[in-house]
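Novice:
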Amino acid sequence: MLFEQIQQERRLAAELLSLMSFFNPQSIPEPTLRRYSKGAAQAANAEDKEEADSTFDEDLDTLQAYSLVSVTADNDACEMHALVQFCMQVWLASCSHAAQWEQRFLMLMAQELPSGEYENWAECLQLFPYVEPLFKSEPAAEEALNAWAQKQGNYSTAQNIAAKALAARERVLALVLQGQGKYKEAEKLNWQALEGRKKELGVRHPDTLTSVDNLASVLRDQGKYKEAEKLNWRALEGYEKEQGVRHPDTLTSVSNLAGVLQDQGKYKEAEKLNWRALEGSEKEFGVRHPDTLTSVYCLAHLLHTTKRYAEAAEFHCIAPELA
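When we follow full-length UniProt numbering, the leftmost residue of the sequence shown carries the number 1, and every step to the right adds one.
#1: What are the partner residues of C78, as DSSP defines its beta bridges?
#2: Could you check which residue in K283, F285, C78 and Q264 has the C-alpha nearest to that of T305?
#3: Do the stretch 264 to 273 and the stretch 285 to 296 meet, that is, are 3 or more Cβ pairs less than 8 angstroms apart?
#4: In the DSSP assignment, find the unbroken alpha helix (DSSP H) run with S295 in it and report its ends.
#5: Distance check for A14 and S70, CA to CA, integer angstroms please.
#6: Based on Cα-Cα distance, which residue from K182, N75, E30 and S18 lies nearest to R105?
#7: With a Cβ-Cβ cutoff of 8 angstroms, do A77 and S27 count as a contact?
#8: Starting from the C-beta of E227, find all residues in its chain whose C-beta is less than 7 angstroms away, skip the five residues before and the five after it, and write them out in chain order.
#9: If you count every other CB in all the chains shown that lies within 10 Å of the CB of Q180, and 16 or more means buried, which is it?
#10: State whether the stretch 234 to 248 contacts the stretch 191 to 208, with contact taken as three or more CB pairs (one from each stretch) at a distance under 8 angstroms.
#11: If you drop the 5 nearest sequence neighbours on each side, which residues of the same chain put their C-beta closer than 7 angstroms to that of T55?
#12: For S253 and A93, what's the separation of their Cα atoms in angstroms?
#13: With distance defined between alpha-carbon atoms, name the residue in Q5, L60, L2 and Q8 nearest to M20.
#14: Starting from R10, trace the alpha helix (DSSP H) in both directions and tell me its first and last residue.
#15: If distances are taken between C-alpha atoms only, which option among E30, E102, Y66 and F22 comes closest to Q5?
#16: Since C298 contacts G259 with CB under 8 angstroms, what's their CB separation in whole angstroms?
#17: Do N214 and A174 have their C-beta atoms closer together than 8 angstroms?
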């Protein structure tokens, strides 16, 4: 069979085709495939970056030579006929490899999806159709992950990717539950995500600090303001040490803390932090950036709450002009 022939002639090309069979066949991001292929080539003892790049190009040429895939005119995406994709998945299932490759695909997508900042929206939009299955699938294929990691000799990297995939899934599920008002369930998932990240990444890692802020958010929604404030302070102090006082994550954490302080009537502290977030966002992103506009609205809301209506009105007028 053709797939078996490719596997014998060029194993990495066969693996690339296996991975591609889980993408949308009409729009497979070439940079994502290239990054994956580099990792696979290096695990297979490719000596340097140039050699890994060459390996990917040769693998793709092999698949094109057999008319299994094509490349778009601008070379930024690959395409695969739906029938080829279907046959490939059937073949993987017949070899008992389908679940392994699906899990590998999901972990890759969890790794590739950037954070949700404004600058990353276009990339998030492109990758979201591929990442969406993360939120529906069971992340329990640990046996397949371990077998693959041992085979590649890259266990620690695989475990880190798995941790990110699981944390991403837990976080999105928590957001859905939180949006539905199922706060206890959302809180439980956020605790799980936080504990997992602490174990895999350490307490000071930015992703761990994000989990701290996420947990504080669901506690705040339940009116557990003191607990939420404690966590928000912890996240902010961590970001300041690890990322610096002007980093976007730090500024977001400043806004989060201001919100929970305002909920408790600590208006002077909240106002000070809201000003800090606004001024920081203006310097880092500019006055029209969504984060800056959010800071404007937060400050306006606080001024309105403290009955400083004239000042609040000024900010409410400014925001639409900037948007």
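Glycine is no exception: its CB is placed at the ideal position from the N, C-alpha and C atoms.
Specialist: Let me spell this out:
#1: Walking along the sequence shown from the start, residue 78 turns up at place 78. Its beta-bridge partners are I28 and V71.
#2: Reading the sequence shown from its first residue, position 305 is the one you call residue 305. Here the closest residue by C-alpha is Q264.
#3: Flag = no, the stretch 264 to 273 and the stretch 285 to 296 do not touch.
#4: Locating residue 295 in the sequence shown gives position 295, where the first residue counts as 1. Counting along the chain, S295 sits inside the alpha helix (DSSP H) bounded by residues P290 to T305.
#5: Sequence index remark: in the sequence shown, residue 70 carries index 70 (1-based). Sequence index remark: in the sequence shown, residue 14 carries index 14 (1-based). Taking C-alpha positions only, S70 is separated from A14 by approximately 15 angstroms.
#6: As a first step, residue 105 must be located in the sequence shown, where it is residue number 105. Position check: residue 105 holds Phe in this sequence, whereas Arg was assumed. That would be S18, whose Cα lies nearest to the Cα of F105.
#7: Position 77 of the sequence shown, counting from 1, holds the residue named residue 77. Position 27 of the sequence shown, counting from 1, holds the residue named residue 27. The criterion of a C-beta distance shorter than 8 angstroms is satisfied by A77 and S27.
#8: One-based indexing of the sequence shown puts residue 227 at position 227. Same-chain partners within the cutoff: L219.
#9: Start at 1 with the first residue of the sequence shown, and residue 180 comes out as number 180. By the Cβ neighbour-count rule, Q180 is exposed, with fewer than 16 other Cβ atoms within 10 Å of its own.
#10: Yes, they touch.
#11: Residue 55 sits at position 55 when you count from the first residue of the sequence shown. Only L12, S37, A41 and A46 meet the Cβ criterion.
#12: What you label residue 253 is simply residue 253 of the sequence shown in a count that begins at 1. What you label residue 93 is simply residue 93 of the sequence shown in a count that begins at 1. The straight-line gap separating the alpha-carbon atoms of S253 and A93 is approximately 46 angstroms.
#13: For the purposes of this step, residue 20 is identified with residue 20 of the sequence shown, where counting begins at 1. Closest by alpha carbon: L60.
#14: The residue labelled residue 10 in the question sits at position 10 within the sequence shown. Segment: none, R10 is in no alpha helix (DSSP H) and carries neither H nor E.
#15: If you number the sequence shown from 1, residue 5 lands on position 5. Comparing alpha carbon positions, the residue from E30, E102, Y66 and F22 closest to Q5 is Y66.
#16: Your numbering for residue 298 matches position 298 in the sequence shown. Your numbering for residue 259 matches position 259 in the sequence shown. Contact between C298 and G259 holds, since their C-beta atoms are separated by about 7 angstroms, short of 8 angstroms.
#17: Walking along the sequence shown from the start, residue 214 turns up at place 214. Walking along the sequence shown from the start, residue 174 turns up at place 174. Contact check for N214 against A174 passes: the beta carbons are separated by less than 8 angstroms.
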